[in-house]
Each structure stands twice: as C-alpha cells, then as structure tokens.
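**Student:**
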Amino acid sequence: MIQKLRLAIRNDLESPEELRRFGSGWLSGVAALVLGIAGLCLLLGERLQGVFSTQMLAPLYALPQFTWIIQGLLVVSFVLACTNLVLRRNRILGFSAILLVLVTMTIAQTLAAQAARTSNLALSLDWFVLNILLTGFLFIPLEKLFGRLTQQALFRDEWREDLFYFLISSVFVQTLTLFTLAPSMTVLHYTGDWATFRAAIASQPLWLQVIEIMFLTDFVQYWFHRAFHQLPFLWGFHAVHHSAKKMDWLAGSRMHIVEIVGLRSMTVIPMYVLGFAESALHIYILLVYLNATFVHANVRFNVEWLKPFIVTPRFHHWHHGIEKEAIDVNFAIHFPLFDKLFGTYYMPKNQWPSGYGIGGHPVPNGYWKQFLYPFKK
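At position 84 of the sequence shown the residue is numbered 84 (the UniProt record's numbering), and the sequence of numbers has no breaks.
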C-alpha cells in the first residue's frame with residue numbers, strides 16, 4: 001500500500017510539462033504536500049525535543065506564536081490540497097496532503113509536549129524543514145524566472161537522490177557539527193596563550209572580519225578541493241558530488257558524508273582558532289550556505305564585471321562541466337583569484353558547459369551505492 005502510494009506521488013510530481021502547467025492543480029498539490037510535511041516535522045520537533053529537533057532552534061519552541069505557525073501551515077496546506085482536488089484529475093497530491101494534515105492534527109491532540117533534552121544524536125527534522133523552505137522558496141522562483149535551461153523540470157532526473165542528501169545533511173546537523181568541531185577544539189586547547197591575539201582579531205570591524213574569514217576559508221577550501229580531485233582515493237568521495245548530471249539549487253547537496261566532515265573540519269579551524277567574533281561567524285555561515293546553493297543553481301546570470309572578483313554560477317558550472325577542458329579547474333568557492341594564482345582558472349567568454357557529470361558516468365545511482373562507491377576498487 002505504502003509503496004503504491006509512494007510511486008503514485010512520484011509519478012505525479014514527475015508529470016510531463018503539459019500536465020504541470022499553471023491552472024492544472026499541480027502547483028497547488030506540490031505546495032500542499034510540502035507544507036503538510038513541514039507542519040508534521042515541526043510538530044514532531046516541538047513535541048519531542050531532543051529526539052526530532054536541534055538545540056539551535058530550542059528558543060523557537062518557547063515562542064507562544066509557534067503553535068500558530070504550525071496551525072497556519074496546516075490550514076494553508078489543506079486549502080491548497082482542496083484546490084488540487086478541484087482542478088486536477090489525478091488527485092493523489094491533494095489526498096496525500098490532507099492525510100498528512102489529519103495525521104498531524106491527531107498527533108497534536110494525543111502527544112503531549114515533552115521536556116526538552118540535550119542530545120547530539122537527535123534527528124533535526126525542524127532544521128531540515130527550515131532549510132528546505134528557505135532555499136526552496138528562494139531559489140525555485142529564481143530558477144523559473146531566470147533559468148538558463150528553461151525546459152529543465154523542478155523534479156528532474158535524480159531529484160530524489162539529491163533531496164535525500166539534503167535530508168541527511170540536515171537531520172544529522174548536530175552530529176556532523178560535533179565531528180567537524182573536534183579538530184578546532186583540539187587546537188584551541190593547545191593555544192590557550194593566544195587570548196590577546198584573538199581579542200585583537202575579534203575587535204576589528206565586523207565587515208572586515210567577514211572578508212578575512214572568506215579569504216582564509218577559501219584558501220583552505222581551494223587546496224582541500226584540489227586534493228580531492230588529484231589524489232585517487234580522495235577523488236572517489238568527491239566523484240559522488242560530480243556525478244550529478246543536472247545542475248540546480250538542489251544539486252550542491254550531493255556530497256559524500258566523509259567529504260562533508262573533512263571539508264567543514266578544515267575550514268572551521270581558521271575561523272575558530274584565530275578568534276573571529278561569533279557574529280562574524282554567523283554572517284559567514286549564512287553567506288556560504290546561500291552561495292553554495294546559488295553557484296549550483298540553474299540560472300543564466302552572466303555578470304561579466306563580477307567574474308574577476310567573486311565566484312559566479314558560470315564559473316562553478318565549468319567546474320562541473322563534462323568537457324575535457326573542464327577537468328581540474330575552478331576550485332575556488334568565493335574568489336577566482338586563487339585559481340588565477342595557482343593556474344587552474346578556466347572561463348571561456350560567454351560559454352556554458354554542454355553537459356555535467358563525469359565521463360562515462362562511473363558513479364552508480366542511489367544514495368547507498370554512492371556511499372559505498374569510494375571504498376570499492
């Protein structure tokens with residue numbers, strides 16, 4: 001039964017373009033389903049704090065308006081689901097959304113809120129919801145209004161794999177943070193006499209600290225990224241990221257968990273060890289999060305006057321290009337300066353790659369097959 005329902009939902013999400021046009025009920029069905037899932041996950045996070053929620057969002061649950069937020073999501077989901085039922089012949093998305101609303105309301109009535117508890121092993125469903133809503137509502141309209149490949153569907157090939165990567169990196173955010181901070185905490189332990197130096201760094205203007213963090217982390221990421229291309233064993237992990245054959249806002253989430261831990265561990269060291277202010281770290285983390293999504297997005301922006309200074313989508317798309325010229329180029333995340341200094345800059349004028357992925361496409365499809373891929377000969 002569940003398998004049939006899953007396939008029915010997937011088939012409608014991946015409907016042909018003529019069945020997804022405005023007024024067909026498809027958009028309202030998708031939105032209803034997304035908001036229904038969001039309401040359920042946020043309710044579970046609020047009622048089972050420390051099990052399905054992240055510690056970072058604990059103040060959110062203390063707000064008296066939080067219950068209204070969940071209720072609002074459910075009401076909008078229900079209205080959109082009804083719209084889907086009226087407009088669309090295939091009503092599976094609308095019925096599924098209504099089912100989610102009913103399940104969420106039942107849980108709300110029967111499951112009392114438990115006392116919050118601290119756990120680094122909690123599944124952060126709330127963090128996943130906020131991530132997907134923030135990036136989705138920001139970048140999906142951007143791609144529809146300014147898309148380069150206008151015929152590329154929202155639910156394109158391999159969207160389920162990339163969404164699962166997004167889910168894993170979000171729900172395990174607390175555990176991943178624990179691992180990625182370990183090297184920095186070790187260095188901090190042995191550099192306790194740097195207090196005066198760190199205080200001087202933190203006393204700089206906020207904007208200057210953010211720029212310094214961007215340069216330092218980009219320098220580290222450049223060499224880390226380049227090593228994962230040029231050392232065969234490390235390439236096996238990074239090949240998973242390059243296996244994406246379509247580029248959009250979701251494609252950047254496809255990263256092997258080993259690479260995520262390694263990359264974040266190395267880039268966090270200069271941020272924490274040098275003593276930058278916490279507010280500067282928060283600004284940088286938001287910037288790098290949005291930038292990582294933007295440079296993978298399916299957008300046609302070709303801002304020529306910016307390309308010598310900052311990484312643009314076309315710059316990074318060439319890093320993923322399937323052409324021979326695109327191999328081992330454009331490693332920088334923020335500043336093309338590093339590629340120019342170290343001889344890996346490639347940016348043909350007004351051209352985009354003809355395709356994406358790895359020649360021969362050796363990486364198999366599916367999360368678990370890709371997880372095991374680097375460990376196989």
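Where a beta carbon is used, it is the ideal one built from N, C-alpha and C, also for glycine. Fair warning: this is a prediction, and the values are worked out from it, not measured in the lab.
1) For residue 89, count neighbouring Cβ atoms within 10 angstroms of its own Cβ and tell me buried if that reaches 16, exposed if not.
2) Return helix, strand or coil for residue 446, following the three-state DSSP convention.
3) Would the beta-carbon of residue 362 fall within 8 Å of that of residue 370?
4) Using a Cβ distance threshold of 8 Å, determine whether the stretch 199-212 contacts the stretch 264-281, with at least three qualifying pairs required.
5) By Cβ distance, which residues of its chain are closer than 6 Å to residue 13, with the 5 residues on each side in sequence left out?
6) Which parts of the stretch 66-107 are runs of the alpha helix (DSSP H), unbroken and 4 residues or longer, counting only runs that do not cross its ends?
7) Among 198, 358, 296 and 373, which has the Cα closest to the Cα of residue 148?
8) Cutting at 6 Å between CB atoms, please list the residues of its own chain near residue 46, excluding the five before and the five after it.
9) Rounded to the nearest angstrom, what separates residue 224 and residue 22 at their Cα positions?
10) Taking three-plus beta-carbon pairs below 8 Å as touching, is the stretch 101-109 in contact with the stretch 203-219?
11) Inspect the beta-carbon positions of residue 321 and residue 356 and report whether they are closer than 8 Å.
12) Run through DSSP, which three-state label would residue 147 get?
13) Thinking C-beta only, is residue 174 closer than 8 Å to residue 97?
14) Put residue 366 into one of helix, strand or coil per three-state DSSP.
15) Put residue 222 into one of helix, strand or coil per three-state DSSP.
16) Are residue 395 and residue 336 closer than 8 Å when you measure CB to CB?
17) Please report the residue range of the alpha helix (DSSP H) in which residue 26 lies.
18) Helix, strand or coil: which one does DSSP assign to residue 356?
19) What are the start and end residues of the alpha helix (DSSP H) that includes residue 267?
20) Below 8 Å, can you find three or more Cβ-Cβ pairs linking the stretch 127-142 to the stretch 22-42?
21) Just to confirm, are residue 49 and residue 58 a CB contact at a threshold of 8 Å?
22) Over what stretch of residues does the alpha helix (DSSP H) that includes residue 152 continue unbroken?
23) Name the two residues that bound the continuous alpha helix (DSSP H) containing residue 159.
24) Out of curiosity, what's the CA-to-CA distance linking residue 24 and residue 159?
25) Helix, strand or coil: how does DSSP classify residue 23 here?
26) Which of the three DSSP states, helix, strand or coil, is assigned to residue 136?
27) Grab me the residues of residue 228's own chain with a C-beta within less than 7 Å of its C-beta, minus the 5 sequence neighbours each way, in chain order.
28) Give the range of the alpha helix (DSSP H) segment to which residue 201 is assigned.
29) Near residue 301, which residues of its chain fall below 8 Å by C-beta distance, leaving aside the five closest residues on each side in sequence?
30) Going by DSSP, which residues form a beta bridge with residue 321?
31) Following the continuous alpha helix (DSSP H) through residue 283, name the residue where it begins and the one where it ends.
32) Whole angstroms is fine: what's the gap from residue 310's alpha carbon to residue 142's?
33) Please say whether residue 124 and residue 51 have beta carbons closer to each other than 8 Å?
34) Which residue wins for smallest C-alpha separation from residue 44, given the options 100, 241 and 1?
35) Contact between the stretch 177-196 and the stretch 249-265 is defined here as three or more beta-carbon pairs at a separation below 8 Å; is this criterion met?
**Tutor:** Looking at the coordinates:
1) exposed
2) Outside the displayed span of the chain (1 to 377) sits residue 446, for which this structure offers no information.
3) no
4) yes
5) 155
6) 66-87
7) 296
8) 61
9) 45 Å
10) no
11) yes
12) coil
13) no
14) coil
15) helix
16) This structure cannot settle anything about residue 395, because the visible part of the chain is limited to 1 through 377.
17) 26-47
18) strand
19) 257-273
20) yes
21) yes
22) No alpha helix (DSSP H) contains residue 152, which DSSP labels as neither H nor E.
23) 159-171
24) 22 Å
25) coil
26) helix
27) 234, 235, 237, 238 and 259
28) 195-202
29) 146, 312, 313 and 314
30) 356
31) 278-296
32) 20 Å
33) no
34) 100
35) yes
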